[in-house]
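S.K.: The structure's right below; bear with me while I get my questions together.
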Amino acid sequence: MAENRDAMARLERSIRRRMDARMAAQRVVRSLPAIAQIVVAAVTAYAVATYGLGHELPLVAVTVTIAALGLARDARPRRVAEVVVGISVGIAVAAVLVLVLGQGVWQIAVILAVTLVIARALSPSAAFAIAAGVQSMLVAVLPAPEGGVFARVLDGLVGAVVALAITALIPRLDVLRSRGESRALFSVLDQSLTGLADALRRGDEPAADLALARSRRTQPLIDEWTQTLDSARAVAAYSPWLRRGRARLAAESAQLAAADLVTRHVRSIARRVDILVRDGVERPGLAGLLDESAVIVRALGGSVDDPAERDRARLLGLAMAGELAPELVPGAVTVPDQVIVVLLRSLVFDVLVTVGLTPEQARQALPPI
Numbered sequence: 000m001a002e003n004r005d006a007m008a009r010l011e012r013s014i015r016r017r018m019d020a021r022m023a024a025q026r027v028v029r030s031l032p033a034i035a036q037i038v039v040a041a042v043t044a045y046a047v048a049t050y051g052l053g054h055e056l057p058l059v060a061v062t063v064t065i066a067a068l069g070l071a072r073d074a075r076p077r078r079v080a081e082v083v084v085g086i087s088v089g090i091a092v093a094a095v096l097v098l099v100l101g102q103g104v105w106q107i108a109v110i111l112a113v114t115l116v117i118a119r120a121l122s123p124s125a126a127f128a129i130a131a132g133v134q135s136m137l138v139a140v141l142p143a144p145e146g147g148v149f150a151r152v153l154d155g156l157v158g159a160v161v162a163l164a165i166t167a168l169i170p171r172l173d174v175l176r177s178r179g180e181s182r183a184l185f186s187v188l189d190q191s192l193t194g195l196a197d198a199l200r201r202g203d204e205p206a207a208d209l210a211l212a213r214s215r216r217t218q219p220l221i222d223e224w225t226q227t228l229d230s231a232r233a234v235a236a237y238s239p240w241l242r243r244g245r246a247r248l249a250a251e252s253a254q255l256a257a258a259d260l261v262t263r264h265v266r267s268i269a270r271r272v273d274i275l276v277r278d279g280v281e282r283p284g285l286a287g288l289l290d291e292s293a294v295i296v297r298a299l300g301g302s303v304d305d306p307a308e309r310d311r312a313r314l315l316g317l318a319m320a321g322e323l324a325p326e327l328v329p330g331a332v333t334v335p336d337q338v339i340v341v342l343l344r345s346l347v348f349d350v351l352v353t354v355g356l357t358p359e360q361a362r363q364a365l366p367p368i
């Protein structure tokens with residue numbers, strides 16, 4: 000018995016190590032575009048300040064680009080500009096105070112306090128204040144360059160301009176990442192709906208539990224897709240290289256809004272089904288409707304890449320809508336069964352509106368209840 004426990008413990012540790020290594024590799028791969036962008040920006044800022052302006056140690060120019068761009072998923076120009084302004088405020092305030100107060104221990108305290116107070120007054124963003132504070136300390140602590148402390152203000156401006164330019168000229172791959180996150184979400188929705196159909200078909204409570212657990216994984220996917228898509232649209236509006244992708248990103252935004260609604264419906268249905276199947280009764284009629292809804296959601300997921308899938312989702316949705324009355328579903332005789340049908344009506348209604356029907360047309364496609 001002890002040997003079995005030891006073997007299981009070793010197996011768990013081995014699996015955990017492999018998963019940690021895989022997650023680390025995925026994290027690095029996802030960060031490669033941001034790393035490349037930061038490296039190019041830092042080298043460019045250093046070259047401009049060193050060879051263009053003749054500054055011997057353009058530390059501020061380099062650190063400004065790194066701090067402004069960062070490795071965060073949110074690479075919107077507005078966020079970069081906000082950090083740049085915060086950095087510039089910190090450099091400018093510190094330069095003025097160093098010129099007036101000089102450098103020393105108590106001066107550092109005064110400069111940092113004044114910089115943080117001004118930064119908090121200017122912006123509610125904590126990142127803005129921290130960026131200002133860090134850069135103010137570089138100015139306050141390091142020896143003044145040959146051109147005086149205001150040479151660092153110029154270095155900061157170089158770093159700021161380079162960071163904003165690189166954001167537009169070498170955008171991150173948020174467009175591609177957005178597509179991947181869309182596919183991941185619709186894959187989980189498909190698995191959830193087909194799992195619910197299997198649970199209803201067999202009266203299988205464990206299958207319903209698994210489908211419910213899958214449906215609960217959708218909210219983080221929605222949040223990640225939303226953040227990535229917002230960043231991609233902001234960069235596309237600013238970058239000349241992404242103009243052709245703007246129409247697609249607009250279509251993805253509409254798809255995301257629909258996916259958010261569908262996700263809410265799927266979670267509601269999953270909770271109801273998880274309770275319903277505890278009686279062990281087989282419900283092939285409801286299972287068939289869940290299978291149909293999975294096919295419709297699958298078509299909706301492919302509608303941005305393939306316009307034909309949008310038409311297919313509309314036709315399938317219209318066909319299914321005509322079946323969504325409790326008296327038309329075999330075996331849907333109890334109130335809990337009929338609640339599932341009503342929830343499916345809401346799901347199909349939202350899909351039909353997404354693929355081009357007006358709300359009135361979508362309502363007319365549903366039989367009265």
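So that you can map any letter, position 22 of the sequence shown is 21 in numbering that gives the first Met the number 0, and since no number is skipped, the others follow by simple counting. Where is the CB? At the ideal position from N, CA and C, for every residue including glycine.
1. Write down every uninterrupted run of the alpha helix (DSSP H) in the stretch 250 to 300 whose length is 4 residues or greater and which is fully enclosed by it, in chain order.
2. What runs of the beta strand (DSSP E), each 3 residues or longer, lie entirely inside the stretch 123 to 164?
3. Assuming L188 and T217 make a contact with CB atoms under 8 Å, what is their CB distance in whole Å?
4. Using CA coordinates, which residue listed in S177, P170, V138 is at the minimum distance from A35?
5. State the CB to CB distance for the pair L285 and V328, rounded to an integer number of angstroms; the pair is presumed to be in contact (CB under 8 Å).
6. Should the stretch 310 to 320 be regarded as contacting the stretch 220 to 228, the criterion being three or more beta carbon pairs within less than 8 Å?
7. Alpha carbon to alpha carbon, how far is R21 from P205? Give it in angstroms, no decimals.
8. Just to confirm, is the Cβ distance from V83 to A167 under 8 Å?
9. So for T227, helix, strand or coil by DSSP?
10. So, with DSSP's three-state summary, where would you put L56?
11. Considering only residues of the same chain and omitting the five flanking positions on each side of A44, which have a CB-CB separation below 6 Å?
12. With DSSP as the reference, label I169 as helix, strand or coil.
13. Would A118 and G89 be called neighbours here (beta carbons separated by less than 8 Å)?
14. Is it right to say V104 is buried, meaning 16 or more other beta carbons lie within 10 angstroms of its own, or is it exposed?
15. Taking all protein chains shown into account, decide if T333 is buried (16 or more other Cβ within 10 angstroms of its Cβ) or exposed.
16. So, helix, strand or coil for G69, using DSSP?
17. Nearest to R247 by alpha carbon, out of A258, A257, A235?
18. Output the boundary residues of the alpha helix (DSSP H) element that contains P335.
19. Can you round the beta-carbon distance between L184 and I268 to whole angstroms, since I take them to be within the 8 Å contact cut?
20. Taking C-beta to C-beta, are V261 and L163 nearer than 8 Å?
21. If you measure between the beta carbons of L351 and G316, is that distance less than 8 Å?
M.R.: Per the coordinate set shown:
1. 283 to 300
2. none
3. 7 Å
4. P170
5. 6 Å
6. no
7. 29 Å
8. no
9. helix
10. coil
11. A60, V61, T64, V157, G158, V161
12. coil
13. yes
14. exposed
15. exposed
16. coil
17. A235
18. 334 to 353
19. Going by Cβ atoms, the distance from L184 to I268 rounds to 16 Å, so no, they are not a contact pair.
20. no
21. yes
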